[in-house]
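Just so you know, we're using the numbering used here here: the sequence shown kicks off at 206 and counts up by one. Each residue gets a CB set at the ideal place from its N, CA and C atoms; glycine is no exception. This report refers to the structure that appears directly beneath it.
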Amino acid sequence: MVKIVWNGYAREQMHWAERLFALAVDTDNTLDYRMLRYAERAYANARAAEKAIG
């Protein structure tokens, strides 16, 4: 049961990382560094969850 929860968390974090990265690069061909930081943090959370799963 715990593994299913972690898989869902990792998937959700990866989803948000992708969306935030798209927002970061989609604003008038300029890079929004705040959104990029959020995307990097979500990606790091997803990778950590995947690593914890095994």
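Open item on the list: Less than 8 angstroms between the beta carbons of Tyr214 and Ala247, yes or no?
Closed with: In the sequence shown, counting from the first residue as 1, residue 214 sits at position 9. In the sequence shown, counting from the first residue as 1, residue 247 sits at position 42. No, they are not a contact pair.
- [ ] Use the C-beta contact count for Leu225: other C-beta atoms within 10 angstroms, 16 or more gives buried, fewer gives exposed.
- [x] Translated into positions along the sequence shown, residue 225 becomes position 20. Answer is buried; the Cβ neighbour count reaches 16.
TODO: Assign Ala227 to buried or exposed, taking buried as 16 or more other Cβ atoms, counted over all protein chains shown, within 10 Å of its Cβ.
DONE: As a working mapping, residue 227 is identified with position 22 in the sequence shown. Exposed, because fewer than 16 other Cβ atoms sit within 10 Å of the Cβ of Ala227.
Task: Buried versus exposed, by CB contacts within 10 Å (16 or more), Ala257 - done: The sequence position of residue 257 within the sequence shown is 52, counting from 1. Exposed.
Task: Exposure of Ala244, with buried meaning 16 or more beta-carbon neighbours within 10 Å - done: In the sequence shown, residue 244 corresponds to position 39, counting from 1. Ala244 should be labelled buried.
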